[in-house]
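In the numbering used here, each residue carries its 1-based index in the sequence shown increased by 1.
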Amino acid sequence: MSILFALTTGLMFGLGVFQMLRRDLVKAAMGFYVVFTAVNLFMLSAGVFDGQVPAYTDQAVNGQPSDPVVQSLILTAVVIGFGSYALLLGMVNAAANRYKSVDSDEVDQLKG
């Protein structure tokens, strides 16, 4: 893994955690998505190796094929991430409509 890719992934993870700790619920939701993207990039970089040809083709005799499992896991993680992000934005929208604010300090009556 190149050092630039590692620094970029770490920076994205740090920025996402910083955004998740903000009081604005919309910015916290955006931070969740940035962290999820950083985790996907980390999984991609951890599973990459030098494959010379695409997976599941008839070119496998020309070189070592790349690993398709990592790509399928990341595709599944992206779909699950979109679903989680949509659910999170729906919950933020419901809280904003109910309490007329997206500030987490003003949304303090979440108990029963």
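For every residue, glycine included, the Cβ atom is placed at its ideal position computed from N, Cα and C. Bear in mind the structure is a predicted one, so any value in this text is a computation, not a measurement.
For Gly64, no alpha helix (DSSP H) encloses it, and the DSSP letter there is neither H nor E.
Non-local beta-carbon contacts of Tyr34 in its own chain, meaning distances under 8 Å to residues more than five positions away in sequence, involve Gly17, Gly82 and Tyr86 in chain order.
Residues Pro66, Ser67 and Pro69 of the same chain have their beta carbon placed closer than 6 Å to that of Ala56, with the five preceding and five following residues left out of the count. From the listed residues Asn41, Ala29 and Val27, the smallest Cα separation to Thr9 is found for Asn41. With contacts defined by Cβ atoms closer than 8 Å, Ile4 and Met44 do not form a contacting pair. Assignment of Val27 by DSSP, reduced to helix, strand and coil, places it in the helix class. Secondary structure at Val108: coil, using DSSP grouped into helix, strand and coil.
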